[in-house]
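Number of protein chains: 2
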Amino acid sequence: MVQIRKRTRDRDRRSVAATTLAELLSPALFRALCDPGRLQILGRLACCGKSCTVGEIGEGCEVDLSVVSRHLAMLREAGVLSSSKRGRNVYYGLDVDRLAAKLRAMADALEACCPPGAARRVDERQRKS
Amino acid sequence: MVQIRKRTRDRDRRSVAATTLAELLSPALFRALCDPGRLQILGRLACCGKSCTVGEIGEGCEVDLSVVSRHLAMLREAGVLSSSKRGRNVYYGLDVDRLAAKLRAMADALEACCPPGAARRVDERQRKS
DNA sequence: AGCATACTTGCATAATGGTGCAAATACGCA
DNA sequence: TGCGTATTTGCACCATTATGCAAGTATGCT
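Those protein sequence lines, which keep their order, are chains A and B.
Under my numbering, the residues of the first sequence are numbered 6 to 134, in order.
Under my numbering, the residues of the second sequence are numbered 6 to 134, in order.
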């Protein structure tokens with residue numbers, strides 16, 4: 006009885022994890038991160054540690070400023086960056102903790118979704134048969 | 006003196022973190038994950054918890070099996086899935102722990118790269134001026 | 001060997017994405 | 001208001017990617 010109740014709880018937990026996983030693994034986020042130029046911007050903002058204007062971010066980039074602007078907009082729409090306008094300037098900033106939390110949530114959801122114990126190895130099935 | 010030594014260490018740590026970050030944030034990985042179909046496959050394999058054949062994975066997918074096969078190959082090349090052949094079948098499996106570890110490493114690198122303390126808030130700069 | 005099954009690959013096509021230039025918009029300042 | 005600066009947007013072009021179909025390869029079975 007205890008055993009059955011426990012299994013039921015496990016199944017529920019996995020089910021919730023599955024929906025969570027599907028929500029967390031959004032194509033849009035990965036889409037935003039899959040371009041080298043955008044990743045470069047992300048890295049810059051992470052290391053710089055403060056929000057910067059489009060012009061500042063574009064400095065040293067070989068691409069047109071309009072491209073940088075579009076990259077930034079895309080990262081903002083994906084929830085990676087936040088922006089705020091101040092005078093003529095638009096400051097884009099990376100909320101490191103937010104992004105880190107999102108990545109860790111994905112990791113957690115992946116593990117929670119996975120059936121407990123047995124099935125964590127890729128090659129298990131081959132070994133059996 | 007102690008203060009200076011500490012700052013130097015912090016700078017070193019951030020510098021290492023920056024290179025690590027650049028290595029971890031690989032476009033290829035995000036590239037592999039940015040397609041809805043591939044994410045669906047990933048989710049299935051995560052929840053199923055064991056490696057499956059191409060045919061099994063393709064069941065219920067509306068796309069051609071050749072597309073599934075290509076998606077799987079792409080995920081394998083990105084280091085997300087591993088595969089092994091057994092008879093006529095090819096088993097693709099997700100190593101959940103490996104992927105989760107990769108995501109957490111990204112989160113750690115992001116935080117390590119960020120200058121300590123002050124600069125974790127996006128809107129700090131606007132508040133100053 | 002011959003045939004069936006499982007998967008991959010070549011190829012053509014359609015869709016999507018990245019880029020630069022030029023024009024438009026938004027704003028501050030005199 | 002008029003001008004200069006910062007950023008975004010429209011548009012055309014080129015490159016990349018996704019897809020389905022058909023053909024190819026690899027393997028098991030009789």
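Every residue gets a Cβ at the ideal spot worked out from N, C-alpha and C, and that includes glycine.
Check whether the Cβ of B/A117 lies closer than 7 Å to any Cβ atom in chain A.
no
Flag A/V21 as yes if its beta-carbon sits less than 7 Å from any beta-carbon of chain B, otherwise no.
no
Where does the unbroken alpha helix (DSSP H) through A/K107 begin, and where does it stop?
V101 to C118
Of the choices A/R18, A/S20 and A/L34, whose alpha-carbon is the least far from that of A/K107?
A/L34
At what residues does the alpha helix (DSSP H) containing A/S88 begin and finish?
Not the alpha helix (DSSP H): A/S88 falls in the beta strand (DSSP E), residues L86 to R91.
The alpha helix (DSSP H) that contains B/A51, what's its start and end?
P41 to C53
Buried versus exposed, by CB contacts within 10 Å (16 or more), A/R132
Summary for A/R132: the model assigns pLDDT 41, below 50, so the residue's position carries little reliability; its value from the coordinates is reported in the next sentence. Classification of A/R132: exposed, given that the 10 Å Cβ count is below 16.
Less than 8 Å between the CB atoms is what I'm expecting for A/L26 and A/C118, so what's the real figure, rounded?
5 Å
State yes or no: is the beta carbon of A/M111 nearer than 7 Å to at least one beta carbon in chain B?
yes
Exposed or buried, what is B/G48 when buried is set at 16 or more other beta-carbons lying within 10 Å of its beta-carbon?
buried
Going by C-alpha to C-alpha distance, which of A/S88, A/N94 and A/A110 sits closest to A/D100?
A/S88
Which of helix, strand or coil does DSSP assign to B/G63?
helix
I want to verify the contact list: residues of chain B whose CB lies under 9 Å from the CB of A/R81, in sequence order.
Within chain B, no residue comes near A/R81; the closest Cβ sits about 11 Å away, beyond 9 Å.
Taking only beta-carbon atoms, is B/A101 less than 7 Å away from chain A?
Before going on, a small fix: residue 101 of chain B reads as Val here, not Ala. Yes, B/V101 counts as interfacial toward chain A.
Could you check what DSSP says for A/V95 in three-state terms: helix, strand or coil?
strand
Could you tell me the distance, in whole angstroms, from the CA atom of B/M79 to the CA atom of B/A37?
6 Å
Cβ contact (3+ pairs, closer than 8 Å) linking the stretch 89-99 of chain A and the stretch 54-64 of chain A:
yes
With a threshold of 6 Å (Cβ to nearest heavy atom), would A/S20 be considered close to the ligand FAD?
Inclusion of the ligand FAD in the displayed structure is not the case, the ligand content being empty and no account of it being possible.
Rounded straight-line distance, which links the Cα of B/G92 to that of B/L115
43 Å
Interface partners of B/R36 on chain A, CB under 7 Å
C39
By how many angstroms is the C-alpha of B/R75 removed from the C-alpha of B/A83?
12 Å
Between which two residues does the alpha helix (DSSP H) holding B/L30 run?
Premise fails: B/L30 is in no alpha helix (DSSP H) and is neither H nor E.
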